[in-house]
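Reminder that position 7 of the sequence shown reads as 7 in the UniProt record's numbering, one-by-one numbering, no gaps.
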Amino acid sequence: MLGVFLVGRRRISFQLSGFLEDTKLHPEGVRFTIRVPATSANIGPGFDVMGVSLTLYLTLTVSLPRDPPPRMFTTPDPQPKIIHTGEGADEVPLDAYKNLTTRVALYVLRCNGIPSFPSGIELHCHNQIPFGRGLGSSGAAVIAGVLLGNALGQLNLPKDRMLDFALMVERHPDNVTAALMGGFVGSYLRELDAVATSAASVPLAEVLPEYPADAGEEWGVDPPNPPYGIGHYVRFGWAKEIRAVAIVPDFEVSTAMARSVLPTEYSRKDVVFNLQRLAVLTTALSRSPPDPELIYEAMKDRVHQPYRKELIPGLPQVLASVTPATHPGLLGICLSGAGPTILALAVNNFDAIAQAAAEVFKQFGITVHHFVLDVDTQGSIVEEQD
Ligand SMILES: Nc1ncnc2c1ncn2[C@@H]1O[C@H](COP(=O)(O)OP(=O)(O)OP(=O)(O)O)[C@@H](O)[C@H]1O
Ligand SMILES: N[C@@H](CCO)C(=O)O
Numbered sequence: 001m002l003g004v005f006l007v008g009r010r011r012i013s014f015q016l017s018g019f020l021e022d023t024k025l026h027p028e029g030v031r032f033t034i035r036v037p038a039t040s041a042n043i044g045p046g047f048d049v050m051g052v053s054l055t056l057y058l059t060l061t062v063s064l065p066r067d068p069p070p071r072m073f074t075t076p077d078p079q080p081k082i083i084h085t086g087e088g089a090d091e092v093p094l095d096a097y098k099n100l101t102t103r104v105a106l107y108v109l110r111c112n113g114i115p116s117f118p119s120g121i122e123l124h125c126h127n128q129i130p131f132g133r134g135l136g137s138s139g140a141a142v143i144a145g146v147l148l149g150n151a152l153g154q155l156n157l158p159k160d161r162m163l164d165f166a167l168m169v170e171r172h173p174d175n176v177t178a179a180l181m182g183g184f185v186g187s188y189l190r191e192l193d194a195v196a197t198s199a200a201s202v203p204l205a206e207v208l209p210e211y212p213a214d215a216g217e218e219w220g221v222d223p224p225n226p227p228y229g230i231g232h233y234v235r236f237g238w239a240k241e242i243r244a245v246a247i248v249p250d251f252e253v254s255t256a257m258a259r260s261v262l263p264t265e266y267s268r269k270d271v272v273f274n275l276q277r278l279a280v281l282t283t284a285l286s287r288s289p290p291d292p293e294l295i296y297e298a299m300k301d302r303v304h305q306p307y308r309k310e311l312i313p314g315l316p317q318v319l320a321s322v323t324p325a326t327h328p329g330l331l332g333i334c335l336s337g338a339g340p341t342i343l344a345l346a347v348n349n350f351d352a353i354a355q356a357a358a359e360v361f362k363q364f365g366i367t368v369h370h371f372v373l374d375v376d377t378q379g380s381i382v383e384e385q386d
């Protein structure tokens, strides 16, 4: 059986039967991995626009029998077996009809005329991305699902088309675009015509229905296919000496909650404040050596961070007290995604910067841990396992 996956601009073709033979799951079977990076969205002023992919990963090891047993069109239908280790292991659903990654994979398969998973799939998800912290865990799960559906269905979708599928689920483009493409990216949702707009606006419940466990093939209407070209993106430069310190509080803030506290209208003054900084920041982060004076100011925001402080005790105090003046090496500091993680961009003194933020959070009774990360330039990859 021939598998063909698109990985970046490289088309990788391989004989599925040529995969490693050492899997415990299917000793005679097929095995490949899907690796998706964490992301930090917004970077201050670029709310729902900018994202950067970071070197923490969700990795799926997918095993399937070389000669799958014939499909049984009676219940129980062929659910993948899911093992999940690492972050989220105590809360992630292992039922493939409830797990975000496999539900998205099934959505992609069903949109392409494949009604269910192939039989005998075993999926080991190893996750380094903390849940609900602003590091793009859900975006990574969605992208992993799109790549899984593409691989299992041998669909050969180009990455731009995969982005359409991801945007039907996660409807702001910043995290999923960075997770799929890698690097530092800006993206927008294209204005669609009326038909495409309504296709792209169908309720999430229709894209990812609650699959009844005993439904077999009877899943009702086909899910809505994404319109073509929902999201467009551009890659920005990133100065190689800039690293990302992710300071992760010990509590979760769901993105849905963090979006519900935002206003629906903004003053012209606040919109202009963000636009001015956004325009400067995209170029400032590409320049070597990076200029802390320019970047610190350009990472300020008036569109989402001020409203999220009620969900994140200590947020304004951390942002105001950890500055390039007090902490040489720091370039700028902001909320990562919907929070509560703080993203500090710096060229050195990474641990001291994290420690300073930790001390402020401590005054609010919050403990944190931190990662010093680099920008992942590859984006999501699908490859034979070593
Ligand atoms: N690997 C995963 N497998 C299955 N479900 C996941 C996975 N990662 C995240 N999720 C789901 O996504 C939820 C977190 O999504 P949410 O959008 O609230 O936060 P986030 O994506 O971590 O943060 P942000 O969007 O601000 O970067 C989890 O509670 C879980 O339901
Ligand atoms: N732009 C999004 C990122 C989180 O998914 C937000 O800030 O709500």
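Glycine is no exception: its CB is placed at the ideal position from the N, C-alpha and C atoms. Given the structure is predicted, the values throughout are model-derived calculations rather than measurements.
Per-residue burial, residue i [other beta carbons within 10 Å of its own, 16 or more giving buried]
| i | result |
| --- | --- |
| residue 277 | buried |
| residue 84 | buried |
| residue 367 | exposed |
| residue 233 | buried |
| residue 364 | exposed |
| residue 138 | buried |
| residue 170 | buried |
| residue 29 | buried |
| residue 375 | buried |
| residue 104 | buried |
| residue 90 | exposed |
| residue 310 | exposed |
| residue 268 | exposed |
| residue 282 | buried |
| residue 354 | buried |
| residue 222 | exposed |
| residue 338 | buried |
| residue 177 | buried |
| residue 113 | exposed |
| residue 21 | Any answer about residue 21 is weak, because its pLDDT of 33 lies below 50 and its placement is not dependable; what the coordinates show is given next. So residue 21 ends up on the exposed side. |
| residue 256 | exposed |
| residue 202 | exposed |
| residue 345 | buried |
Cβ separation of residue i and residue j, assumed to be a contact under 8 Å, to the nearest whole Å
| i | j | result |
| --- | --- | --- |
| residue 307 | residue 262 | 5 Å |
| residue 373 | residue 56 | 6 Å |
| residue 188 | residue 280 | Wrong, their Cβ atoms sit about 19 Å apart, outside the cutoff. |
| residue 246 | residue 350 | Their Cβ separation, rounded to whole angstroms, is 10 Å, which puts residue 246 and residue 350 out of contact at 8 Å. |
| residue 34 | residue 54 | That belief does not hold up - the Cβ atoms of residue 34 and residue 54 are roughly 17 Å apart, past 8 Å. |
| residue 229 | residue 190 | 6 Å |
| residue 227 | residue 194 | Contact flag wrong, Cβ pair sits at about 11 Å. |
| residue 32 | residue 383 | 7 Å |
| residue 331 | residue 324 | 7 Å |
| residue 380 | residue 179 | 6 Å |
| residue 400 | residue 231 | The structure shown does not extend to residue 400, since the chain is modelled only from 1 through 386, so no value can be given for it. |
| residue 224 | residue 199 | 6 Å |
Contacting residues, own chain, Cβ-Cβ under 6 Å from residue i (five flanking each side not counted)
| i | result |
| --- | --- |
| residue 317 | 360 |
| residue 284 | 294, 295, 298 |
| residue 94 | 82 |
| residue 38 | 54, 56, 129, 135, 136 |
| residue 141 | 100, 101 |
| residue 46 | 278 |
| residue 462 | This structure gives no information on residue 462, because the portion of the chain shown stretches from 1 to 386. |
| residue 181 | 379 |
| residue 377 | 182, 183 |
| residue 315 | 309 |
| residue 175 | 39, 41, 51, 136, 139 |
| residue 358 | 368 |
| residue 273 | 302 |
| residue 157 | 150 |
| residue 124 | 61, 83 |
Cutoff 7 Å; reference residue i; Cβ partners in own chain excluding five residues on either side
| i | result |
| --- | --- |
| residue 254 | 132 |
| residue 336 | 40, 134, 135, 246, 342, 343 |
| residue 99 | 82, 92, 93 |
| residue 266 | 303 |
| residue 369 | 248 |
Cβ neighbours of residue i in the same chain (closer than 8 Å, five flanking residues each side left out)
| i | result |
| --- | --- |
| residue 390 | Here the chain has residues from 1 to 386 only, and residue 390 is not among them. |
| residue 87 | 127, 128, 129, 130, 131, 137 |
| residue 356 | 321, 322, 326, 327 |
| residue 264 | none |
Distance cut-off 7 Å: residue i Cβ against heavy atoms of ligand 3
| i | result |
| --- | --- |
| residue 131 | In terms of ligand content, the structure shown lacks ligand 3 and carries ligand 1 and ligand 2 instead. |
Near ligand 2, which residues have their beta-carbon closer than 6 Å to a heavy atom? Counting only heavy atoms of ligand 2, the residues whose C-beta sits closer than 6 Å to one of them are, along the chain, 41, 42, 47, 48, 172, 174, 175, 255, 258, 259, 304, 337, 338.
Counting beta carbon pairs with one atom in the region 99-112 and one in the region 138-145, are three or more of them shorter than 8 Å? Inter-segment contact for the region 138-145 and the region 99-112 is present: three or more beta-carbon pairs are separated by less than 8 Å.
contact_flag[the region 289-306, the region 233-241] where n(CB pairs < 8 Å) is 3 or more: With a cut-off of 8 Å on Cβ pairs, the region 289-306 is in contact with the region 233-241, counting three or more such pairs.
Counting Cβ pairs closer than 8 Å, one from the region 34-52 and one from the region 160-170, do we hit at least three? With the cut-off at 8 Å, the region 34-52 and the region 160-170 do not touch.
For the pair the region 151-163 and the region 197-211, tell me if three or more CB-CB distances fall below 8 Å. Not touching, per the Cβ criterion.
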